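*Asks:* So the sequence lines, in the order shown, correspond to chains D and A. Numbering that gives the first Met the number 0 puts the first sequence at residues 0 to 364. Numbering that gives the first Met the number 0 puts the second sequence at residues 0 to 592. Beta carbons: idealized from backbone N, C-alpha and C, even for Gly. None of these values were measured; they are calculated from a predicted model. Encoded as structure tokens, here's the structure I'll be asking about.
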Amino acid sequence: MSSRNVSSTSGVTIEDISLSFGQTEVLNGVNLEIMPGELFTFLGPSGSGKSTLLRAIAGFGPEPAGRILIGDDDVTHLPPWQRNVGMVFQSYALWPHMTVRKNVAFGLEEQKVPAREIGPRVDAALKLVGLLDLAERRPSQLSGGQQQRVALARTIVVEPRVLLLDEPLSNLDANLRVQMRREILELQRKLNLTTIFVTHDQEEANTISDRIAVLNDGIIQQVGTPLELYDQPANRFVAHFLGTANLIDGTIRKARGKTIFSTQDRITIPADGTGLKSGQECTAMIRPQSLRLSAGKSRAMKSTAQLRGAVEHREFLGHLIRYAVRVGKHLLLVDETHESGEAAYNSGDKVVMGLHKSQVQFLKA
Amino acid sequence: MNCGPGLTGRAHTSCLLNRLGSTALNLFGRGQWGPGAVALFLGLFLLVFLIIPVGKVIYVAFQDPNTGALTLINFIDFFNTSLFRESFINSFYVASMSVVLASVFALPLAYFTTRFNFGGAVLIQTLGVIPLIMPPFVGAVAMLLLFGENGSVNLLLGEWFGINIPFMQGLNGVILVESIHYFPFILINLSAALNNIDRAMEESAQNLGSSGARLFRRIVFPLAMPGYIAGASLVFLKVFDDLGTPLLLNINTMLAPQAYLRITSIGISDPMGYVISVILVAFSLLALWTSFLALRGKDYATAQKGGGGLMKRDLRPWEKAGCYAVVITILLLVLSPHIGLALLSFGTVWSYSVLPDAFTLDHYSRVFLNSSQFITNTLLYAGLAATIDVVFGTAIAYVVWRTKLVGRQWLDYAAMGAVAIPGVVLGIGYLRTFFDFNVPIIDKPLASWWIIIVIALTIRRLPYALRACMAALQQVSIMLEEASENLGASKRRTVIRIVVPLMSGGIVAGFVTSFATAAVELSATIMLVSTESDAPLAAGIYEFMQSAAGRGPGAALGIIAVLIVGIATYVSHRFIERKEIERTPDVAVVAGV
């Protein structure tokens, strides 16, 4: 492992990839540039095409239209066994008839690595994932987390140019998931290995990724860092998929010389400096924690907009209380941090919601 | 009343019959019949009719015939006799070669369906069932007429190419007939193993640089191996124990026929029959043990989460033609006993000719007019045996899975142990154990009363019924029972109203498997039939086939047996299908267990 250096890892370029299963179009004109050493995530709901895209990079599934480059090599037409991209499968796919050691040695044997090198390299890989003691066990004698580590060791031992992880944490329980994603990140940094991670879990994606591509219906919705995607979602899908969002449809108008966003049920939000033109239809996106509740005007000092409504119901979530507040035709979600002894609003209470205009994101319709 | 083995034969038998008759009603009935009493009764039944007779056989094999002392002299005699040495080698050879030939049939079929998008998959599935609805000995004579030295195929080969292939000569005939009949065991097990291989197993190997034949050798083949071994050892066991096929093909130099001939010609005191029995049991256990070892810790199906089977690819037109040619050839071969039997049953004279001289319905009318007792006997025996099997099977399954009785697992082990006991051995054991027990009223030995045939069939087929009932009970969530008890139903009412109805699919499957296989059982039956009026179909077919003149009626009986078994299988299949549709809304509940 120690021989790995920056130059041995490669970026991945995906050029206009489209792919269909029979009549069903799964990927539609995907373009991506993944940097060397980056931890990049494909995030999307099931059926979004994220796994299909990953498998296409590894060479599985029907051959796509377009080009896939690893480093400068066009691998589009290469069979899986000639690509040298390491893939960790969702089910781990450890061969039950082989010991842990034999599983890990498999790829080196296939590459015709001299026998005297295989032993030390397998040991090094197992040590890296902390499983050297269990080398002679069978996969069925290992826990889920241990199987996951063996799958990782088996893949990185061949020093692939790119590491592909297909929902690697989905078969683990919640605590282990958190631990394993840290370990994967640590390993990835240590090896400086370009890694593509597929998940449907936004928390997983946010905590681990350098950058994320959000996929839906076989189309890339947005690419960016986790913060960019959360704060500046490009569309309603991204806004909803990453966290909870209040989405309000309305129109940009001029009122008393100022640009404002307004709806038919008379919600108005300042829209100065957004570059939006009068008459343009758009959607205002407000995260629940950006709205501040108060009974009167007192707490709304810093806010630049105020919305009036009535509490319809509330959910106590421990660290916060989530209110659903009726404003005209809209039901807005508001998160208030909860502190001990603090009184909560009851349904029917009239409330004012303060909002700073910097916290509003306007999405083009 | 206590039904212990210490009672005299007379008291014992009447006590047993009493129980037999009322078991179905009382199994979960009235207060005094708790699960403990049921378990005790089942244990005693297995003790008296399985463990003691088999124990007796083993004991006698090690007993000096003159002094009664324990000795190995009988085994030494056995291996010093050239006839027995030859029989032993022949049995081993035939069983091994049958595994080889059965593999030749099964491997391409399993491979086609799991690796290619092959339209003939339905055909292959049918192939897997057809041979099983007819025991090998029934078609043996027909195979002689088709493939024998002067059979249809060799007559044609001689006419066209001037050659004669000894398909049926000597041991070859046994091997051909047995492998045609038993290859589905390998096909079914191997296909299941191949289908259970997670596609990711193959993909991860490709991802690590493996492909083609190397990938097959290192990943696919080892993963499918346990399934193949399991199927192959079953074939070995079945062939090694088979009595009817060699007898009908007139091959006496094999172990099972030798045991039968010694006991029936020399008498039940001759030790050689017992020695052979011990060897048969030992090899059965060895085969089962091999299968167990092959599967132990290698239940790869559950070790892999994904499933979905191997990657399949489309066939090029010429490949498709090749596949169909292979499949159709095997299909014809597999169907040849049925075809031959049908020809024989409708033919007048069939000798030194490709086809019978003329066709007639005489054989059937003769069978129905003079020999209908074979059919009614079979329906009675197999029906009774299968009924008792599912009642006992349900009871054992319930005791094992739903009670905490000490030693309940042993009930399961004992009942399943019958798998390892060849019919010949059970027959010899019954003759030896029950010949001295006179049944009251009719005043004759239990060993020659027709009820003993029913009991033998019950014991031999109990494992099938038990497996089906166990599987069915495991599908019933214990929560469904708890819900019933929570709403005020007692254990007994819960079993009757909830458990048994939910198990009905499995119970019917168990009944039919037991019935169908009991209807054509020969090896134990043939030893226990004392008069022709008590004989079932299998024994009747065997009797008829002994003479050239009896072949026609014998074949007609064979066709009737095939029809009975075929119809029973079809009806149960439809019934289970309907049950499954009815239960579809419950799938989530059931699967959640």
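1. Determine whether the beta carbon atoms of L366/D and E203/D lie at a separation below 8 angstroms.
2. Taking A199/A as the query, report the chain D residues whose CB atoms sit under 7 angstroms from its CB, ordered along the chain.
3. For S261/D, tell me which candidate among T273/D, G48/D, C281/D has the shortest Cα-Cα distance.
4. One question on the structure: do S178/A and A94/A come within less than 8 angstroms of each other, judged by their Cβ atoms?
5. Return the first residue and the last residue of the beta strand (DSSP E) that S372/D is part of.
6. In chain A, which residues lie less than 8 angstroms from F105/D when you measure between Cβ atoms?
7. V507/A: buried (16+ other C-beta within 10 angstroms of its C-beta) or exposed?
8. Once DSSP output is grouped into helix, strand and coil, what is the label at H355/D?
9. Just verifying my parser: in three-state terms, what is the DSSP assignment at Q231/D?
10. From the DSSP output, which residues share a beta bridge with S19/D?
11. Across which residues does DSSP place K443/A in a beta bridge pair?
12. Expressed to the nearest angstrom, what Euclidean distance is found between the alpha-carbon atoms of V213/D and V149/D?
13. Give me the Cβ distance between I259/D and A283/D, rounded to the nearest whole Å; I'm assuming they're in contact under 8 angstroms.
14. Classify E202/A as buried or exposed, calling it buried when 16 or more other Cβ atoms lie within 10 Å of its own Cβ.
15. Could you tell me how far apart the beta carbons of T194/D and Q187/D are, in whole angstroms, since I believe they sit closer than 8 angstroms?
16. Let me make sure I understand the geometry here. Which of T263/A, F166/A, P270/A, I132/A has the alpha-carbon closest to that of I75/A?
17. Among R120/D, I117/D, W80/D, L306/D, whose alpha-carbon lies nearest the alpha-carbon of G353/D?
18. Note the first and the last residue of the continuous alpha helix (DSSP H) segment covering E37/D.
19. Would you mind sorting A36/A into buried or exposed? The rule is 16 or more other CB atoms within 10 Å of its CB.
20. Give the straight-line distance between the Cα atoms of Q545/A and L254/A, rounded to the nearest whole angstrom.
21. Suppose contacts are defined by Cβ-Cβ distances below 8 angstroms. Is I251/D in contact with A270/D by that definition?
22. Could you check whether the region 368-375 of chain A touches the region 440-448 of chain A, counting it as contact only if at least three pairs of C-beta atoms, one from each stretch, sit closer than 8 angstroms?
23. Would you check if there are 3 or more beta carbon pairs closer than 8 angstroms linking the region 329-341 of chain D to the region 214-231 of chain D?
24. Consider the Cβ of P256/A: report whether some Cβ of chain D lies at a distance smaller than 8 angstroms.
25. Considering only residues of the region 388-423 of chain A, which uninterrupted alpha helix (DSSP H) runs meet the minimum length of 4 residues and lie entirely inside it, listed in chain order?
26. Any beta carbon from chain D within less than 8 angstroms of L279/A's own beta carbon?
27. Within the 8 angstroms Cβ cut-off, does L82/A reach chain D?
28. Who does N245/D pair with in a DSSP beta bridge?
29. Closest Cβ-Cβ distance between F574/A and chain D: below 8 angstroms?
30. On the premise that A518/A lies in contact with A381/A, defined as a C-beta separation below 8 angstroms, what is that separation, rounded to the nearest angstrom?
31. Which residues bound the alpha helix (DSSP H) around K490/A?
32. As a quick exercise: from R114/A, Q408/A, T66/A, pick the residue whose alpha carbon is nearest that of F215/A.
33. Nearest chain D C-beta to P221/A closer than 8 angstroms, yes or no?
34. By Cβ distance below 6 angstroms, which residues in the same chain neighbour I387/A in space, the five residues on each side in sequence not counted?
35. Which value, in whole angstroms, describes the spacing of the CA atoms of I266/D and S50/D?
36. Could you give the first and the last residue of the continuous alpha helix (DSSP H) run that contains H180/A?
*Replies:* Quick answer:
1. Since the displayed chain D opens at 0 and closes at 364, residue 366/D lies outside it and no answer follows.
2. For the C-beta of A199/A, the chain D residues within less than 7 angstroms are, from N- to C-terminus, F88, S90, A92.
3. C281/D
4. no
5. As shown, chain D starts at 0 and ends at 364. That puts residue 372/D outside it, with no answer to give.
6. A204, L207, S209, R217
7. Here V507/A is buried, its C-beta having at least 16 other C-beta atoms within 10 Å.
8. H355/D sits in coil when the DSSP states are folded into three classes, being neither helix nor strand.
9. coil
10. E24/D
11. The partner list for K443/A (beta bridge, DSSP) reads V438/A.
12. 29 angstroms
13. With 8 angstroms as the limit, I259/D and A283/D do not qualify as a contact, their Cβ atoms being about 11 angstroms apart.
14. It is buried - the Cβ of E202/A has at least 16 other Cβ atoms within 10 Å.
15. 5 angstroms
16. It is P270/A whose Cα lies nearest to the Cα of I75/A.
17. Nearest Cα to G353/D within the set R120/D, I117/D, W80/D, L306/D: L306/D.
18. Secondary structure note for E37/D: it is in no alpha helix (DSSP H), with a DSSP letter that is neither H nor E.
19. exposed
20. If you take the alpha carbons of Q545/A and L254/A, they lie about 20 angstroms apart.
21. yes
22. These segments do not touch.
23. no
24. Not closer than 8 angstroms to any Cβ of chain D, the Cβ of P256/A fails to qualify, so no.
25. 407-416
26. no
27. No, L82/A lies away from the interface with chain D (no Cβ there is under 8 angstroms from its Cβ).
28. I285/D
29. No, F574/A does not count as interfacial toward chain D.
30. 4 angstroms
31. For K490/A, the enclosing alpha helix (DSSP H) begins and ends at 490-493.
32. R114/A
33. yes
34. T457
35. 41 angstroms
36. In this chain, the alpha helix (DSSP H) harbouring H180/A covers 170-194.
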